[in-house]
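Scroll down for the structure; my scribbles are underneath it.
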Amino acid sequence: MRRIIQLTLTAMLLLLGSVSAFAKDTLNTNEQLLANQYLQSLNGSYKLYLQGDGNVVLRNAASAALWASATNGKGGVRLTMQSDGNLVLYTSAGKAVWATGTNGKGANRATLQDSGNFALLTASNVSVWATNTGSTTPPPPPPPTGGISHIGTTQVWDADGQGVRIAKPSNTSAGDLLVLVLHRTDDMLPYAVSGWTRRAECYKEDNGYQCLNVADCTSTSGGFCTRFQNKYNGRDLAQVVFTRTAGSSEPSSYAFNMNQDSTGHPGWAILTTLRGANTSAPVRAWANKGCDNDVDSLFPSVDGRKGDMLLLSQSFDDRVNKDVFGAPTGMSTFGYVANSDESGFLYGGILTADGATGVRRTNGPGASGCKDALVSFTIKPQ
Numbered sequence: 342m343r344r345i346i347q348l349t350l351t352a353m354l355l356l357l358g359s360v361s362a363f364a365k366d367t368l369n370t371n372e373q374l375l376a377n378q379y380l381q382s383l384n385g386s387y388k389l390y391l392q393g394d395g396n397v398v399l400r401n402a403a404s405a406a407l408w409a410s411a412t413n414g415k416g417g418v419r420l421t422m423q424s425d426g427n428l429v430l431y432t433s434a435g436k437a438v439w440a441t442g443t444n445g446k447g448a449n450r451a452t453l454q455d456s457g458n459f460a461l462l463t464a465s466n467v468s469v470w471a472t473n474t475g476s477t478t479p480p481p482p483p484p485p486t487g488g489i490s491h492i493g494t495t496q497v498w499d500a501d502g503q504g505v506r507i508a509k510p511s512n513t514s515a516g517d518l519l520v521l522v523l524h525r526t527d528d529m530l531p532y533a534v535s536g537w538t539r540r541a542e543c544y545k546e547d548n549g550y551q552c553l554n555v556a557d558c559t560s561t562s563g564g565f566c567t568r569f570q571n572k573y574n575g576r577d578l579a580q581v582v583f584t585r586t587a588g589s590s591e592p593s594s595y596a597f598n599m600n601q602d603s604t605g606h607p608g609w610a611i612l613t614t615l616r617g618a619n620t621s622a623p624v625r626a627w628a629n630k631g632c633d634n635d636v637d638s639l640f641p642s643v644d645g646r647k648g649d650m651l652l653l654s655q656s657f658d659d660r661v662n663k664d665v666f667g668a669p670t671g672m673s674t675f676g677y678v679a680n681s682d683e684s685g686f687l688y689g690g691i692l693t694a695d696g697a698t699g700v701r702r703t704n705g706p707g708a709s710g711c712k713d714a715l716v717s718f719t720i721k722p723q
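Next up, the structure:
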């Protein structure tokens, strides 16, 4: 018996030991998974292998098999997401040995979801085939007693960025934390405004670029960075996150002039009130991303603790409807604004565990993968 167990373990190592990551969770149209490669869910808990024996196997973090194509020994060497919507396993000679049979049903990608479900999805996010191995996702839990709660959000868009005035959210009280996100396109965005403390930022040079930070600024004028790394202007798309503690005589609105000259380009803002947040050092951690190469928006992972509020802020360099970028699973859309040729979103949710939040993906059809500026940050409770 011991010899049989050793042989079985050896066989599994031969099948899985040489596997190389495909480094993503999704096969898009005309992409393929080759032998000894795998897809991995964004939370890292599940992997879909095309094993060296030709079997396609979905495994959890403990390497237990949850689903398989039962094609071992049939010579499958590439799993292809075809343009006709069919997912097909082919041999090296081009013979199909397994398929989902979904041609003509509109699927444009095959995704290994964080729940452990492997599904073929259409552009409108409808599943046309699945392994049905995903766990049922419960609704997000209410904030812990005495924890952070979302009181309200306001938003505004301004044609030239020189007269941005945003209303204070209703029911804001003294001691609440005000979280302000200023956005701008094709022009300068201040990194410092009177009465507010900067907490995070993303300045983009162009669509395909990653974020520049205030730490990269090499030339300033007032509260504006006029040059980054001695060569970039960071004006294509930008957002800066600020906070302030609400006082007993807080104004009903706040005005911001984002410009230094007589002309300007659009600016917009989203303002959120949180109750029960730490107001002296509210942000535990933050991260940004300027180009995720995905039609959905993939917010970068940040450190968090149980009871923290995770906030995800998105600037998008096109006007899109609210449902194009739905809130990530377990989160809510706190704010949305769109006009002219730009959009802004703010999502929020309470963390239920300590550690890295993992990459958070928006739900919905999505849009261009490099026209957004994304900021993730965690807010500590009192």
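For the sequence shown, position 38 (counting from the first letter as 1) is numbered 379 according to this note's numbering, and the numbering increases by one without interruption. Virtual Cβ for every residue (Gly too), placed ideally from N, Cα, C.
Tell me the rounded alpha-carbon separation between residue i and residue j.
i           : j           : result
residue 516 : residue 644 : 25 Å
residue 663 : residue 421 : 32 Å
residue 709 : residue 681 : 17 Å
residue 672 : residue 367 : 22 Å
residue 456 : residue 598 : 45 Å
residue 509 : residue 612 : 7 Å
residue 562 : residue 533 : 11 Å
residue 355 : residue 392 : Confidence in residue 355 is poor, its pLDDT being 38 and thus under 50, which makes the residue's placement unreliable; the coordinate value appears in the next sentence. In a straight line, the C-alpha of residue 355 is about 9 Å away from that of residue 392.
residue 417 : residue 432 : 4 Å
residue 633 : residue 553 : 15 Å
residue 694 : residue 721 : 13 Å
residue 426 : residue 502 : 44 Å
residue 625 : residue 717 : 11 Å
residue 615 : residue 492 : 6 Å
residue 560 : residue 701 : 34 Å
residue 374 : residue 639 : 21 Å
residue 423 : residue 406 : 26 Å
residue 684 : residue 397 : 40 Å
residue 372 : residue 419 : 10 Å
residue 657 : residue 411 : 43 Å
residue 404 : residue 458 : 15 Å
residue 507 : residue 581 : 15 Å
residue 655 : residue 467 : 24 Å
residue 385 : residue 402 : 8 Å
residue 498 : residue 567 : 23 Å
residue 434 : residue 500 : 59 Å
residue 311 : residue 462 : Within the shown structure, residues of the chain are numbered from 342 to 723, placing residue 311 beyond reach of any answer.
Just to confirm before moving on: does the CB-CB distance between residue i and residue j stay below 7 Å?
i           : j           : result
residue 529 : residue 565 : yes
residue 630 : residue 715 : yes
residue 610 : residue 523 : yes
residue 575 : residue 542 : no
residue 488 : residue 696 : no
residue 409 : residue 428 : no
residue 669 : residue 698 : no
residue 430 : residue 380 : no
residue 548 : residue 711 : yes
residue 413 : residue 442 : no
residue 440 : residue 469 : no
residue 586 : residue 538 : no
residue 692 : residue 649 : yes
residue 496 : residue 678 : yes
residue 460 : residue 471 : yes
Does the Cβ of residue i have 16 or more other Cβ atoms within 10 Å, making it buried, or fewer, making it exposed?
i           : result
residue 387 : buried
residue 512 : exposed
residue 436 : exposed
residue 706 : buried
residue 572 : exposed
residue 473 : exposed
residue 480 : Low confidence applies to residue 480: its pLDDT is 46, below 50, so where it sits in the model is not reliable enough to give any reading.
residue 608 : buried
residue 596 : exposed
residue 382 : buried
residue 667 : buried
residue 593 : exposed
residue 376 : buried
Return the residue from the list the options that minimises the CA-CA distance to residue i.
i           : options               : result
residue 320 : 555, 393, 708 and 707 : Coverage of the chain is limited to positions 342 through 723, which leaves residue 320 absent and any answer about it impossible.
residue 690 : 490, 608, 437 and 459 : 490
residue 719 : 674, 641, 661 and 416 : 641
residue 526 : 504, 659, 473 and 370 : 659
residue 636 : 646, 613 and 661      : 661
residue 505 : 606, 463 and 425      : 606
residue 652 : 580, 675 and 402      : 675
residue 590 : 464, 713 and 514      : 514
residue 494 : 377, 500 and 521      : 521
residue 551 : 627, 402 and 578      : 578
residue 531 : 498, 600, 639 and 500 : 600
residue 723 : 628, 500, 622 and 399 : 622
residue 713 : 557, 446, 544 and 438 : 544
residue 628 : 535, 389 and 540      : 540
Which ranges does the beta strand (DSSP E) cover as unbroken runs of at least 3 residues, wholly within the stretch 493–554, from first to last along the chain? Counting whole runs of 3 or more residues, the stretch 493–554 contains the beta strand (DSSP E) stretches 505–508, 518–526 and 538–545.
Which residue spans inside the stretch 371–457 form an unbroken beta strand (DSSP E) run of at least 3? If only complete runs of 3 or more residues are kept, the stretch 371–457 shows the beta strand (DSSP E) at 373–375, 378–381, 387–391, 397–401, 406–409, 417–422, 428–432, 437–440 and 448–453, in order along the chain.
Segments of 3+ residues assigned as beta strand (DSSP E) that fall wholly inside the stretch 581–660: Within the stretch 581–660, the complete beta strand (DSSP E) runs of at least 3 residues are 594–597, 608–616, 624–630 and 650–657.
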